[in-house]
Amino acid sequence: MLPFSRDLSTSSVHAPPRIRVVGAWLSAASLLLAVPLDARAASPAAAPEAETAQSIFQRGQVEYETADYVGAIELWTQAYALIESTHENASIKALLIFNLAQAHIKAYELDNNTIHLKQARALFDSYRANLDLLYEDEAERAEEEAKVDKELAALARALEPDLEPKHEPEPEPEPEPKPESEPETVAPPPSAAKPGNPLLFAGVGLTAVGVVAGGVMLTLGGIEGAAANDLSALAPDDLSGRDQQFTDGARANIVMITGGVVAGVFVPVGAALIGVGVKRNKAARTPTQARVPSLVPSVGPGRAGLLLTGQF
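Note that the sequence shown covers residues -41 to -1, 1 to 271 in mature numbering (1 follows the signal peptide of the UniProt record, and there is no 0).
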């Protein structure tokens, strides 16, 4: 049989205040599993796996004694997996479960990770369910069950903070409302000195766009149209060249028409906005402001533009 000890070390186990491990746990059964539990467990077929499990368990024992409890848990879990699940090996696996539970409790003492406590509780539950494999005497089994129940109760108390729902802090009381004071008389904001300026600026912009864009399109269209109408450089039988010239001429006409439309729309609209803006500024103008020079539209035969006017 494998020498799996259920007493992990001769030193007493010191747990945090909420997890106090029973020092004399399973005192009646703290024997080495190297002592044959049953002659049926020593089957030749299981010898290689048993030897490997024994070696891994001993390595885990070293990890446990050097306070590397996570390493001990990993190695003992491997040893547990190597032991065949037979009736003869059930008691060995039960004691390995006990050792794993103890290692989880010790790991919790180092990192305070409650997952160790939850795993220890599950392992103790499994161990308790298999006590009949370790104790034939009913009185001893009942005594051991009481110790296990005591340990499970300690684990449950330690896990209570995790199980309790977290209460949100109560909202702070709202301060008492201050007595209402008489509303202060707020003077209306002064009206804009020149309320027509936005329209004036928009009108100037539209007029400038109409003049510039329309003038550029008309100029480019005229130049391209004149070039398209000049067929002197083409041979009389160059039909493809003539078709290209006609196409260029048609495109030039479109550019000129577009320029005329842009100028014809933007310039009048811009002039109208300028006129409205000037009227609004005049309506809001004070006697002092009347002397400030301003822009006004000027349209006449053969001319259109802006005049700078003022009073002296």
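We put the beta carbon where it would ideally sit given N, CA and C, even for glycine.
Alpha-carbon to alpha-carbon, residue j and residue i
{"i": "Glu119", "j": "Asp84", "result": "18 angstroms"}
{"i": "Tyr28", "j": "Ala66", "result": "5 angstroms"}
{"i": "Ser50", "j": "Asn89", "result": "8 angstroms"}
{"i": "Gly229", "j": "Ser199", "result": "45 angstroms"}
{"i": "Lys238", "j": "Ile213", "result": "38 angstroms"}
{"i": "Leu232", "j": "Asp202", "result": "45 angstroms"}
{"i": "Ala186", "j": "Asn156", "result": "45 angstroms"}
{"i": "Gly208", "j": "Asp197", "result": "17 angstroms"}
{"i": "Glu102", "j": "Pro132", "result": "55 angstroms"}
{"i": "Asn58", "j": "Ala26", "result": "14 angstroms"}
{"i": "Ile64", "j": "Ala113", "result": "11 angstroms"}
{"i": "Thr36", "j": "Ala115", "result": "24 angstroms"}
{"i": "Glu24", "j": "Ala62", "result": "10 angstroms"}
{"i": "His75", "j": "Glu110", "result": "14 angstroms"}
{"i": "Ser14", "j": "Val21", "result": "11 angstroms"}
{"i": "Asn240", "j": "Thr206", "result": "51 angstroms"}
{"i": "Pro7", "j": "Ser44", "result": "15 angstroms"}
{"i": "Gly30", "j": "Val107", "result": "25 angstroms"}
{"i": "Ile32", "j": "Glu97", "result": "31 angstroms"}
{"i": "His46", "j": "Asn71", "result": "37 angstroms"}
Own chain residues within Cβ distance below 6 angstroms of residue i, not counting five before or after
{"i": "Met215", "result": "Leu177 and Gly180"}
{"i": "Val175", "result": "none"}
{"i": "Leu82", "result": "Ile56, Leu59 and Ala60"}
{"i": "Ala161", "result": "Leu232"}
Check whether residue i and residue j have beta carbons under 7 angstroms apart
{"i": "Glu183", "j": "Ala222", "result": "no"}
{"i": "Ala53", "j": "Leu92", "result": "yes"}
{"i": "Ala79", "j": "Ala105", "result": "no"}
{"i": "Gly164", "j": "Gly218", "result": "no"}
{"i": "Ala243", "j": "Pro154", "result": "yes"}
{"i": "Val235", "j": "Leu158", "result": "yes"}
{"i": "Tyr94", "j": "Arg87", "result": "no"}
Delimiting residues of the alpha helix (DSSP H) encompassing residue i
{"i": "Asp91", "result": "Leu90 to Leu93"}
{"i": "Ile42", "result": "Unbroken run through Ile42: none, as it is neither H nor E."}
{"i": "Asn48", "result": "Careful: Asn48 lies outside any alpha helix (DSSP H) and carries neither H nor E."}
Residues near residue i by beta carbon distance below 8 angstroms, same chain, minus five either side
{"i": "Thr(-32)", "result": "With a pLDDT of only 34 at Thr(-32), under the threshold of 50, the placement of this residue in the model should not be trusted; the figure read from the coordinates follows. So no residue of the chain qualifies."}
{"i": "Val226", "result": "Leu165, Thr166, Gly169, Val170, Gly173 and Ala263"}
{"i": "Leu34", "result": "Ile15, Phe16, Arg18, Gly19 and Glu22"}
{"i": "Leu69", "result": "Ala26 and Tyr28"}
{"i": "Val224", "result": "Gly169"}
{"i": "Lys77", "result": "Leu118"}
Proximal residues to residue i (C-beta, below 7 angstroms), its chain only, five neighbours per side dropped
{"i": "Ala12", "result": "Leu(-40), Ala38, Leu41 and Ile42"}
{"i": "Ser(-15)", "result": "Confidence at Ser(-15) is low in this model, with a pLDDT of 30, below 50, so the placement of that residue should be treated as unreliable; the coordinate-derived value is given next. Excluding residues within five positions, none has a Cβ falling inside 7 angstroms."}
{"i": "Pro195", "result": "none"}
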